[in-house]
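Going by the UniProt record's numbering, the sequence shown opens with residue 1, and the numbers climb by one from there.
No residue lacks a Cβ here, since even glycine has one placed at the ideal position from N, Cα and C.
Here's the structure, in structure tokens; my notes come after.
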Amino acid sequence: MGYAELYKAAQEDPEAFWLDQARAIDWITPPDRALFDRGENLYEWYADAQVNGCYNAVDRHVEGGRADQAAIIYDSPITGQKQTITFAELQTRTARLAGALVAQGVEKGDRVIIYMPMVPEAIEAMLACARIGAVHSVVFGGFAANELAVRIDDCTPKAVIAASCGLEPNRTVAYKPLLDGAIEMATHKPDACIILQRPEHPCELGPRDVEWHAAIAQGTPADCVPVAGNHPAYILYTSGTTGAPKGVVRHTAGHLVALNWTMKNIYQVDPGEVFWAASDVGWVVGHSYIAYGPLIAGNTTVVFEGKPVGTPDAGTFWRVISEHNVRSFFTAPTAIRAVKREDPKGLEIAKYDLSGLRALYLAGERADPDTIIWAQETLGVPVYDHWWQTETGYTIAGNPAGLEALPVKIGSPTVPMPGYDVQILDEGGNRMAPGELGAIAIKLPLPPGTLPTLWNAEDRFRKSYLTTFPGYYETGDAGMIDEDGYLYIMARTDDVINVAGHRLSTGAMEEVLAGHPDVAECAVIGVSDALKGQAPVGFVCLTNGVNRPHDEITAECVKRVRDQIGPVAAFKLAVVVDRLPKTRSGKILRATMVKIADSQEFKLPATIDDPAILDEIRTALKSIGLAQS
Numbered sequence: 001m002g003y004a005e006l007y008k009a010a011q012e013d014p015e016a017f018w019l020d021q022a023r024a025i026d027w028i029t030p031p032d033r034a035l036f037d038r039g040e041n042l043y044e045w046y047a048d049a050q051v052n053g054c055y056n057a058v059d060r061h062v063e064g065g066r067a068d069q070a071a072i073i074y075d076s077p078i079t080g081q082k083q084t085i086t087f088a089e090l091q092t093r094t095a096r097l098a099g100a101l102v103a104q105g106v107e108k109g110d111r112v113i114i115y116m117p118m119v120p121e122a123i124e125a126m127l128a129c130a131r132i133g134a135v136h137s138v139v140f141g142g143f144a145a146n147e148l149a150v151r152i153d154d155c156t157p158k159a160v161i162a163a164s165c166g167l168e169p170n171r172t173v174a175y176k177p178l179l180d181g182a183i184e185m186a187t188h189k190p191d192a193c194i195i196l197q198r199p200e201h202p203c204e205l206g207p208r209d210v211e212w213h214a215a216i217a218q219g220t221p222a223d224c225v226p227v228a229g230n231h232p233a234y235i236l237y238t239s240g241t242t243g244a245p246k247g248v249v250r251h252t253a254g255h256l257v258a259l260n261w262t263m264k265n266i267y268q269v270d271p272g273e274v275f276w277a278a279s280d281v282g283w284v285v286g287h288s289y290i291a292y293g294p295l296i297a298g299n300t301t302v303v304f305e306g307k308p309v310g311t312p313d314a315g316t317f318w319r320v321i322s323e324h325n326v327r328s329f330f331t332a333p334t335a336i337r338a339v340k341r342e343d344p345k346g347l348e349i350a351k352y353d354l355s356g357l358r359a360l361y362l363a364g365e366r367a368d369p370d371t372i373i374w375a376q377e378t379l380g381v382p383v384y385d386h387w388w389q390t391e392t393g394y395t396i397a398g399n400p401a402g403l404e405a406l407p408v409k410i411g412s413p414t415v416p417m418p419g420y421d422v423q424i425l426d427e428g429g430n431r432m433a434p435g436e437l438g439a440i441a442i443k444l445p446l447p448p449g450t451l452p453t454l455w456n457a458e459d460r461f462r463k464s465y466l467t468t469f470p471g472y473y474e475t476g477d478a479g480m481i482d483e484d485g486y487l488y489i490m491a492r493t494d495d496v497i498n499v500a501g502h503r504l505s506t507g508a509m510e511e512v513l514a515g516h517p518d519v520a521e522c523a524v525i526g527v528s529d530a531l532k533g534q535a536p537v538g539f540v541c542l543t544n545g546v547n548r549p550h551d552e553i554t555a556e557c558v559k560r561v562r563d564q565i566g567p568v569a570a571f572k573l574a575v576v577v578d579r580l581p582k583t584r585s586g587k588i589l590r591a592t593m594v595k596i597a598d599s600q601e602f603k604l605p606a607t608i609d610d611p612a613i614l615d616e617i618r619t620a621l622k623s624i625g626l627a628q629s
């Protein structure tokens, strides 16, 4: 069955389709039904089943003949450490840590916050929670104390699993003072904190703290606990527009079924092969495609503690792929842009044997055509952009290359995956014609594995996602669908700017700027304009080695937009900057840049990678007559 037939089958009879996909999972009590309509546009999947997430990710492979296969490859260019953990070893380690949690009083349904760097123990902590039916909430290691405190108060964890530190290329981040500060600020106090002491920076333990190995010694290995199909596997906080985090809930069964389907059909890996998502456990990609997806499908997953450049150079990705025989590689466009900026001719790639690599997958933000073309030409493998969100947990639109590789249209993440009825709507909720720019919405119900609600915030869930377009999930993204059914993500809805009555996509302008030969990375924002309502402003980062006058380059950028989009864009302002403000996952903080340009107050984003960059942006904006106050 090809893509079109499979997609049609999922649309016409979702019940039969998703029960059929569920056969690939090992159930304690198999589901009799797939979809449960809870009324008022709320849905659950496989709610009548009994299952265990850790069993499906670990134990079943040990029992099924994969005991000696590598489950996790740990590669840390920062410390120089490498380690391979088999499925049998992972089972032992996970069962022991699960037993340590039980010894600290953690039971099924209790929450556990995980505050860890990119080490194998972070994956073990997630799986240990799943093993005993505890609900984990991973918070990015090194997150500010006040942000961690907010999450502690929202999910009220019985315990916290943390490391003493995280390691950046040029610094060590002490986690323990941040954790202690967060607990002091929080109203809720966890009963215990299990602390992994890293030799690079051990910490002092307090009265509620138990050292990792001592905690394991206090417990006995725990068996897998059956949970209902609609039991929460985890809570993952994503930034909300109000500044308050939203706790996305992931139910256990749907996420097992959906992730298992994607590994072969989207990412083209068979059991036993190595898959690498260069992300972090703090983000949804780390949940779906470092911890759970590969392990559920019997793949080997890579846990990488490093950066695309600087650990030690722009060839580190290619070294890992070559050394560990990675078959499919998934990272963010911003990571590839960083590599391209350091090594524009791809000279580092030639040093490594990448013959085993089938494809590069990009997601997390829009992948500009220039980056995709560079990667295609230098790597010599297909490059697949795909689009999804923290809320959905896996691909909304992508190229099902393992099922049927569809023609790539650069600028499009290709087509909706089974179960996603993606539509383009105008402000009144009416469907728009092919090629027209509008809000991207998904007709309810969403498929298995997507969020059923927000943690303790059903009203906020409705308001955030379900009220703008009744009967639809509002993605917050804007775009169009072409005559062939290919989806194009043009911008966040907020990034569609109105210039003298014309609705324009900042993403389309960014594509034009990214095509300039001297531009390594760029962003376009809409700033307030007394005459036109909004006006676009472009920020460009230059490729290494470019020494031309900046005003020449910005003049050429302005001309490119005028030539390729037209005078209607009213694109007159561009400025060269050394770097762009981003979250730790690589998303550009455009909304914050707009507030700086418009001289408005703003809350420092919790996920910002380096706050000092905002001062550089303010200085750049002042140089072109903006951000005056």
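Which word fits S355, buried or exposed, when buried means at least 16 other C-beta atoms lie within 10 angstroms of its C-beta?
Under this definition S355 is an exposed residue.
Under the rule that 16 or more other beta-carbon atoms within 10 Å means buried, what is T301, buried or exposed?
buried
Candidates Y74, C224, L35: closest to C54 by CA position:
C224
With contact counted as at least three CB pairs below 8 Å, one residue from each stretch, are the segment 447-454 and the segment 244-259 in contact?
yes
Between which two residues does the alpha helix (DSSP H) harbouring W374 extend?
369-379
Counting Cβ pairs closer than 8 Å, one from the segment 150-164 and one from the segment 183-190, do we hit at least three?
yes
Alpha helix (DSSP H) segment containing F461, residue limits:
458-461
Could you please give me the residues that DSSP links to L362 through a beta bridge?
T331, D385
Where does the unbroken beta strand (DSSP E) through K559 begin, and where does it stop?
Not the beta strand (DSSP E): K559 falls in the alpha helix (DSSP H), residues 550-564.
Using the C-alpha atoms, what's the distance from A22 back to P221?
29 Å
Ignoring anything shorter than 3 residues, give me the beta strand (DSSP E) runs that lie fully in the segment 86-144, in order along the chain.
111-115, 135-138
With 16 other CB atoms within 10 Å as the buried threshold, where does H213 fall?
exposed
In the DSSP assignment, find the unbroken alpha helix (DSSP H) run with S322 in it and report its ends.
First-last of the alpha helix (DSSP H) with S322: 316-324.
I'd like to confirm the pairing. Which residues does DSSP put opposite H502 in its beta bridges?
V499
Between the alpha carbons of V135 and C155, how many angstroms are there, rounded?
Between V135 and C155, the C-alpha separation is close to 9 Å.
Is the segment 169-179 touching the segment 267-285 in the sense that three or more CB pairs, one from each, lie closer than 8 Å?
no
Can A332 and G298 be called in contact, C-beta distance under 7 Å?
no
Does DSSP put G286 in a helix, a strand or coil?
G286 falls in the helix class under three-state DSSP.
Considering only their Cβ atoms, is the gap separating I161 from I114 smaller than 7 Å?
yes
Would F469 and A441 be called neighbours here (beta carbons separated by less than 7 Å)?
yes
Specify the secondary structure class of M432 as computed by DSSP and reduced to three states.
coil
Bridge partners of E474, per DSSP?
The partner list for E474 (beta bridge, DSSP) reads A441.
Are the Cβ atoms of N400 and N260 separated by less than 7 Å?
It should be noted that the sequence gives Pro, not Asn, for residue 400. Result no, Cβ atoms of P400 and N260 do not sit closer than 7 Å.
Taking the C-alpha atoms as reference points, what is the distance between A569 and I410?
22 Å
I need the boundaries of the alpha helix (DSSP H) containing E616, first residue and last residue.
612-623
Whole-angstrom distance between P207 and A597, CA atom to CA atom
48 Å
Taking 7 Å as the cut-off, decide whether the C-beta atoms of Q197 and G402 are in contact.
Not closer than 7 Å, so no.
Please classify S585: is it buried, with 16 or more other beta-carbons within 10 angstroms of its beta-carbon, or exposed?
buried
If you draw a straight line from the alpha carbon of G380 to that of D610, how long is it in whole angstroms?
34 Å
Beta-ladder partner(s) of H251, from DSSP
Beta-bridge analysis with DSSP links H251 to P232.
Which residue's Cα is closest to the Cα of Q91: S76, A57, A34, K82?
A57
So, using beta-carbon positions, are C522 and E511 closer together than 7 Å?
For the 7 Å CB-CB criterion, C522 and E511 do not form a contact.
Beta-carbon spacing of M490, A478 below 7 Å
yes
How big is the Cα-Cα spacing for A70 and A514?
40 Å
May I ask you to report which of helix, strand or coil DSSP gives residue 644?
For residue 644 there is no data in the structure shown, the boundaries of the chain being 1 and 629.
Skipping 5 residues on each side, what residues in its chain have a beta carbon closer than 8 Å to that of R618?
I596, A627
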